[in-house]
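Final position of the sequence shown in the numbering used here is 379; the numbers increase by one with none missing.
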Amino acid sequence: SLLVGARTTLSGTTSGTLDMSAATNFTADVGLFQIGGSTSTSQSGASNTAVGTATLAENNTITATTGIIIAEMAPAVSNTPVTSLLTFGAGTNDVTTPYVLVGGSRSTGRITITAGGTLNLANGAGKTDLTIGSNAVQGTNTTTSGEMDLTGGIFVATLGQVTIGNKSNSTNSGAGTGTG
């Protein structure tokens with residue numbers, strides 16, 4: 200796994216930065232690529248935030264066999280005062296993964312691309328599911344937000360299910376908002 204600003208403890212603020220912007224090429228072959236949020240589902244009573252920022256190289260090749268998650272918290276934790284961010288480079292960005300989540304439960308996540316960059320998103324022989332802004336926590340009043348802004352770049356994708364703005368599992372006033 201490649202985790203940037205991810206938390207596995209019950210409390211405290213966690214932040215992480217990955218800055219590859221001075222590099223020409225970056226390659227990662229991992230299971231999970233997560234920026235911001237929690238990697239545990241048993242954090243009842245946890246507090247504070249987990250935020251990550253990753254600025255990739257000019258050209259990037261990323262294989263994440265489990266998925267790419269930009270901001271996702273455990274069910275008992277709110278992480279909305281902060282935004283986790285992934286910025287792709289100005290060259291060719293080849294991403295192979297079955298799933299991309301931008302702004303998961305109780306969190307705010309954002310993906311951008313440097314002007315002139317190309318993002319190729321696929322899942323090898325299959326399709327990639329893309330979710331932007333999804334709050335699936337039961338009984339929450341927290342709003343989740345996700346944004347995928349590829350203005351100035353080129354986006355080429357083989358997509359399966361695409362969900363933009365989703366709220367499920369609650370009768371409370373929380374929401375899932377997405378922009379893509």
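Just so you know, even glycine gets a beta-carbon here, dropped at the ideal spot from N, CA and C.
Item: May I have the straight-line CA-CA distance separating residue 290 from residue 272, to the nearest angstrom?; Value: 31 Å
Item: Please list, in chain order, all residues of the same chain as residue 359 whose beta carbon is under 7 Å from its beta carbon, the five residues on each side excluded.; Value: 326, 327 and 328
Item: What distance in whole Å lies between the Cβ atoms of residue 223 and residue 258, which are believed to be in contact at a cut-off of 8 Å?; Value: 6 Å
Item: Need the endpoints of the beta strand (DSSP E) that residue 316 sits in, please.; Value: Where residue 316 is concerned, there is no enclosing beta strand (DSSP E), given that its DSSP letter is neither H nor E.
Item: If I measure Cβ to Cβ from residue 264 and keep anything under 6 Å in the same chain, skipping five residues before and after, which residues do I get?; Value: 230
Item: Looking at residue 253 and residue 268, is the spacing between their C-beta atoms short of 8 Å?; Value: no
Item: Assuming residue 308 contacts residue 270 under a Cβ cut-off of 8 Å, what Cβ separation, rounded to an integer in Å, is found between them?; Value: 3 Å
Item: In whole angstroms, what is the alpha-carbon distance linking residue 333 and residue 350?; Value: 22 Å
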